[in-house]
Amino acid sequence: MRLQKYIASCGVTSRRKAEEMIRAGRVKVNGIKIDQMGYIVNNDDVVELDGKKISIDEKLVYIALNKPVGYITSVSDEQQRPTVMDLLSDLEFRVFPVGRLDFNTSGLLLLTNDGQMSYKLTHPSHKIYKTYRVKASGILSQQDIERLKKGVDIGGYITAKAYVMVEGFKDNCTIVEIKIFEGKNRQVRRMFKSIGHKVLELERIAIGDIQLGKLKRGHYRKLTKKEIEYLKRL
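In the numbering used here, the protein residues as written are 264 to 497.
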């Protein structure tokens with residue numbers, strides 16, 4: 264098995280992040296630092312990350328978390344800010360976040376120790392739609408909605424077509440549901456800024472067919488068998 268795939272399969276991180284760790288010289292196999300892609304790991308090899316031995320977990324775990332605003336989507340944070348892992352302190356298995364949600368964004372976040380599944384969910388070629396509920400300043404016009412649907416310039420990049428539906432209006436604000444499959448940094452906020460409206464609240468309510476539902480803010484649940492089978496079919 265290639266080293267980056269092995270690291271991902273250990274439930275340490277995604278395959279993409281594993282490649283970064285290898286290049287940074289953080290990985291050793293049988294005591295020898297490996298910093299090149301393509302190294303093949305055999306069954307009897309000892310793999311270390313940052314001096315700690317890692318191995319493939321037999322039990323794969325899939326978690327849905329309702330992330331509150333004010334938490335970093337990371338396993339740790341150098342600035343000692345709260346991370347999503349603080350909300351999983353009673354979980355007996357080691358997991359890592361699949362993708363990211365901004366500090367000021369709430370809602371559905373998946374966590375797992377299945378590196379291959381994480382790679383599948385985050386790679387843009389798979390075009391898995393994420394659904395967000397947006398509270399935007401002002402009253403969006405039909406022209407604004409059509410621009411979002413067709414794609415807008417968010418700073419040298421034209422977004423792909425999006426599904427957009429207005430849910431209602433309140434206190435000179437517009438409540439919008441938007442589905443996108445891209446994952447550019449702060450993309451939804453930048454899309455609305457490009458049409459002249461500020462995002463006041465942002466919540467992710469679905470990833471593909473997996474719904475946030477009535478999961479309480481700051482709480483988590485294990486994915487159902489049906490949801491896991493759906494992910495594996497993607």
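Using N, Cα and C, we set each Cβ at its ideal position, and we do this for glycine too.
To the nearest angstrom, how far is it from the Cα of residue i to the Cα of residue j?
i, j, result
"M348", "F356", "11 Å"
"K456", "V275", "36 Å"
"H482", "R396", "19 Å"
"P345", "L373", "17 Å"
"V290", "L266", "9 Å"
"I270", "F444", "26 Å"
"D308", "V358", "23 Å"
"K413", "T437", "19 Å"
"R452", "V462", "6 Å"
"Y325", "G446", "21 Å"
"Y334", "G288", "29 Å"
"D340", "I319", "25 Å"
"L403", "D353", "43 Å"
Considering residue i, what are the terminal residues of the beta strand (DSSP E) in which it resides?
i, result
"T385", "Note, T385: premise wrong, no beta strand (DSSP E); alpha helix (DSSP H) at G378 to T385."
"E466", "V462 to I470"
"L374", "S369 to T375"
"S318", "Careful: S318 lies outside any beta strand (DSSP E) and carries neither H nor E."
"A327", "Y325 to K330"
"L312", "V310 to L312"
"S239", "Lying outside 264 to 497, the shown extent of the chain, residue 239 is not represented and no answer is given."
"K393", "K393 to S400"
Apply the 10 Å Cβ neighbour rule to residue i and answer buried if 16 or more other Cβ atoms are within range, or exposed otherwise.
i, result
"P387", "exposed"
"R467", "buried"
"Y420", "exposed"
"N293", "exposed"
"N376", "buried"
"Q450", "buried"
"A316", "What sits at residue 316 in the sequence shown is Lys, not Ala. With fewer than 16 other Cβ atoms within 10 Å, it is exposed."
"A425", "buried"
"G378", "buried"
"K495", "exposed"
"A423", "exposed"
"D407", "buried"
"L497", "exposed"
Which residues bound the alpha helix (DSSP H) around residue i?
i, result
"R344", "From DSSP, R344 is part of no alpha helix (DSSP H); its letter is neither H nor E."
"T480", "Reading off the sequence, residue 480 comes out as Arg, not Thr. From DSSP, R480 is part of no alpha helix (DSSP H); its letter is neither H nor E."
"Y493", "K488 to R496"
"L411", "Q405 to K413"
"Y420", "Careful: Y420 lies outside any alpha helix (DSSP H) and carries neither H nor E."
- [ ] Taking 8 Å as the threshold, find out whether the segment 360-368 comes into contact with the segment 425-438 through three or more Cβ pairs.
- [x] The segment 360-368 is not in contact with the segment 425-438.
- [ ] Taking 8 Å as the threshold, find out whether the segment 488-495 comes into contact with the segment 468-475 through three or more Cβ pairs.
- [x] Touching, yes.
Task: Every unbroken alpha helix (DSSP H) within the segment 431-466, with a cutoff of 4 residues, ordered by chain - done: Complete alpha helix (DSSP H) runs here, min 4: 450-457.
Task: Inside the segment 277-311 only - beta strand (DSSP E) runs reaching at least 3 residues - done: DSSP runs (the beta strand (DSSP E)) wholly in the segment 277-311: 290-292.
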